[in-house]
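See structure below.
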Amino acid sequence: MHDEAVVNMADVTVADYAANIRAYLRENMTAFKDVELDDEDNIFERGFFTSLFAMQLLHYVESTFDVEVPDDYIMLRNFSSVRRLADMVADLKRTSGE
Amino acid sequence: MSEVDRSDVIARARSFAETELAPRAAEFDREERLPHDVVRRMADEGFLGASIPAKWGGLGLDPLAYGELTEIIGKACASTRALLTVHTSIVATTLLELASKRLKEKYLTALARGEKIGCFALSEENAGSDAAAVETTYTGKGDTFVLNGRKKWTSFAGIADLFLVIASDNGVTSAFVVERDMPGVETRPMSGFLGNRATHIAEVSFADVEVPAENLIAGIGAGFGFVVNTALLHGRYSIAWAGVALAQAALEEMCSYATRREQFGVKIGTQQLVQKMVADAVTNVAAARELCRRAGRFLAPRNADAAMETNIAKYFSSTIAQRATSDAVQVLGGNGCWSGFPAERLFREAKILEIIEGTSQLQQVMIADFGYKKYARKNQSQ
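Line order of the protein sequences matches chains A and B. For the first sequence, counting from 1, position 45 maps to 45 in the UniProt record's numbering; every step adds exactly one. For the second sequence, counting from 1, position 126 maps to 126 in the UniProt record's numbering; every step adds exactly one.
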């Protein structure tokens, strides 16, 4: 019972991160693409963003979630979908003890 | 850095620029080399580590003060300013933001102190604006990466100790710090450029160069999305201030000349068509400087909008620099077309700014895309 409650709390937190990230991505998607964005979509491979957007995403993640992304996390894969971004934020929060 | 220290740095930069750089800028341009004593002095003054924190051997200037320093140096000598752009803004700052602690310890302090000079090896024969198309390759081999390929138009490659190299492994782009002394690295000087003539531009070739794995910057695949974009963000910020510098220099040239030169029995500055050029330059310089300061305020806290604000500043500043320097040539007439006056050199240098660190056309594409996203009304009924 106790363990289940912990898992649920963690899910809520990751879901919150994902919601924030999804909203930010939608706000910044090109104005000419009227498409649905799924949490698993690779935003670069699907052409929603060019890799030019990666640095903006890095700054957004660090300033919005108050985390520092270590250099070994800095690879396009970690920034390529809502899900991966949310998981990375959760991972960094966990590592920093929050 | 305290306000007093910051003022001291700016005052030292102004003195050095006005008394030692400006009088020699034409000579550097003509001889196509930046003398060793100038590079040494830039290092000794701490300017080559101006924007790097004191912890890593730099002066720790914030983006606004660093911008002011860039304008001061750039107004006196474009090639010396280019050393700040390449070495400090692009190479050192990118290592500061993205390199591992081990890599920073290995190179960053030496770069900040100017003990080693860095350059950015990105462009190739077939990879200019399309920077992701680099053909220089890397392959993993034990605890090293092996690099092969050829870079072109690499500013300061002729004198650099360290090369920040962008390479690809079947489309996966990564970035490495390569030392000049590593076997297989060769440079060949290039000359005959329109501007930036004293920036020791060279081709760089890599033939089976073995680079330690720890010299990889950030992760595998971070080369374009992160390293190149970080490098170009800071490079563009520097170029934006370089535009202000050249436009300010051109403004001073045209005002000085127009208030002295007489034709038809009057000073040419009293002619309304000359006044139009002066008025446009005064207005545009002020506007460009404010756009640069605005970008600097976004850069300071690593704001997510910093890149677009910097694109806007770079686009505007380089555009008005071209306009102001062209008008300076026009106001000076025959003297403007002659190397005995600075106007023709400023004109040549300004054109470069519309091309390097992302052409004006690429800036326009990115700014327009930003405009559509920001200003197109949502849920339009028609």
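Just so you know, even glycine gets a beta-carbon here, dropped at the ideal spot from N, CA and C.
Residue i: contacting residues in chain B (beta-carbon distance under 9 Å)
i: residue 77 (chain A); result: 219, 221
i: residue 63 (chain A); result: 301, 302, 303, 304
i: residue 54 (chain A); result: 222, 224, 225, 226, 229
Delimiting residues of the alpha helix (DSSP H) encompassing residue i
i: residue 377 (chain B); result: Counting along the chain, residue 377 (chain B) falls outside any alpha helix (DSSP H), and DSSP gives it neither H nor E.
i: residue 76 (chain B); result: 63–76
i: residue 350 (chain B); result: 343–353
i: residue 292 (chain B); result: 272–299
i: residue 31 (chain A); result: Here residue 31 (chain A) belongs to no alpha helix (DSSP H), and DSSP marks it neither H nor E.
i: residue 72 (chain A); result: Unbroken run through residue 72 (chain A): none, as it is neither H nor E.
i: residue 19 (chain B); result: Careful: residue 19 (chain B) lies outside any alpha helix (DSSP H) and carries neither H nor E.
i: residue 320 (chain B); result: 306–332
Extent of the continuous beta strand (DSSP E) to which residue i belongs
i: residue 166 (chain B); result: 162–169
i: residue 153 (chain B); result: 144–154
i: residue 188 (chain B); result: 185–189
i: residue 141 (chain B); result: 137–141
Per-residue contacts from residue i into chain A (C-beta, under 8 Å)
i: residue 100 (chain B); result: 71, 72
Beta bridge counterpart(s) of residue i as assigned by DSSP
i: residue 209 (chain B); result: B:147
i: residue 179 (chain B); result: B:162
i: residue 216 (chain B); result: B:176
i: residue 47 (chain A); result: Looking at the DSSP assignment, residue 47 (chain A) forms no beta bridge with any residue, so it has no partner.
i: residue 255 (chain B); result: Paired residues: none, contrary to the question.
i: residue 124 (chain B); result: B:127
i: residue 204 (chain B); result: B:151, B:187
i: residue 55 (chain B); result: The partner list for residue 55 (chain B) (beta bridge, DSSP) is empty, contrary to what the question assumes.
i: residue 267 (chain B); result: B:262
i: residue 118 (chain B); result: B:162
Within chain B, partners of residue i - CB distance below 8 Å
i: residue 88 (chain A); result: The contacting residues do not exist; residue 88 (chain A) stays about 12 Å from chain B at best.
i: residue 51 (chain A); result: 132, 224, 225, 229
i: residue 58 (chain A); result: 226
Within chain A, partners of residue i - CB distance below 9 Å
i: residue 376 (chain B); result: 31
i: residue 62 (chain B); result: By Cβ distance, chain A contributes nothing, its closest Cβ being about 17 Å from residue 62 (chain B), past 9 Å.
Beta-carbon proximity check, residue i vs residue j, cutoff 8 Å
i: residue 258 (chain B); j: residue 331 (chain B); result: yes
i: residue 180 (chain B); j: residue 160 (chain B); result: yes
i: residue 284 (chain B); j: residue 250 (chain B); result: no
i: residue 320 (chain B); j: residue 279 (chain B); result: no
i: residue 300 (chain B); j: residue 62 (chain B); result: yes
i: residue 132 (chain B); j: residue 200 (chain B); result: no
i: residue 276 (chain B); j: residue 322 (chain B); result: no
i: residue 357 (chain B); j: residue 236 (chain B); result: yes
i: residue 98 (chain B); j: residue 66 (chain A); result: no
i: residue 149 (chain B); j: residue 167 (chain B); result: yes
i: residue 183 (chain B); j: residue 253 (chain B); result: no
i: residue 88 (chain B); j: residue 50 (chain B); result: yes
i: residue 281 (chain B); j: residue 324 (chain B); result: yes
Residue i Cβ short of 7 Å to the ligand SAM heavy atom set
i: residue 197 (chain B); result: Ligands in the displayed structure: none, and consequently the ligand SAM is not present.
Review point. Given a limit of 7 Å on CB to CB distance, which residues of the stretch 224–241 of chain B reach chain A?
Key: Hits within the stretch, in order: 224, 225, 226, 229, 230, 233.
Check your understanding: Given a limit of 9 Å on CB to CB distance, which residues of the stretch 298–313 of chain B reach chain A?
Key -> So the close ones are 301, 302, 303, 304, 305, 306, 307, 308.
Review point. Quick one, which residues of the stretch 17–46 of chain A are near chain B if we go by CB-CB under 9 Å, in chain order?
Key: Along the stretch 17–46 of chain A, the positions whose C-beta sits under 9 Å from a C-beta of chain B are 24, 27, 28, 29, 30, 31, 32, 44, read in chain order.
Check your understanding: Going along the stretch 355–374 of chain B in order, which residues come within less than 7 Å of chain A, judged by CB to CB distance?
Key -> When C-beta distances to chain A are compared with 7 Å, the residues of the stretch 355–374 of chain B below that value are 369, 372, 373, in chain order.
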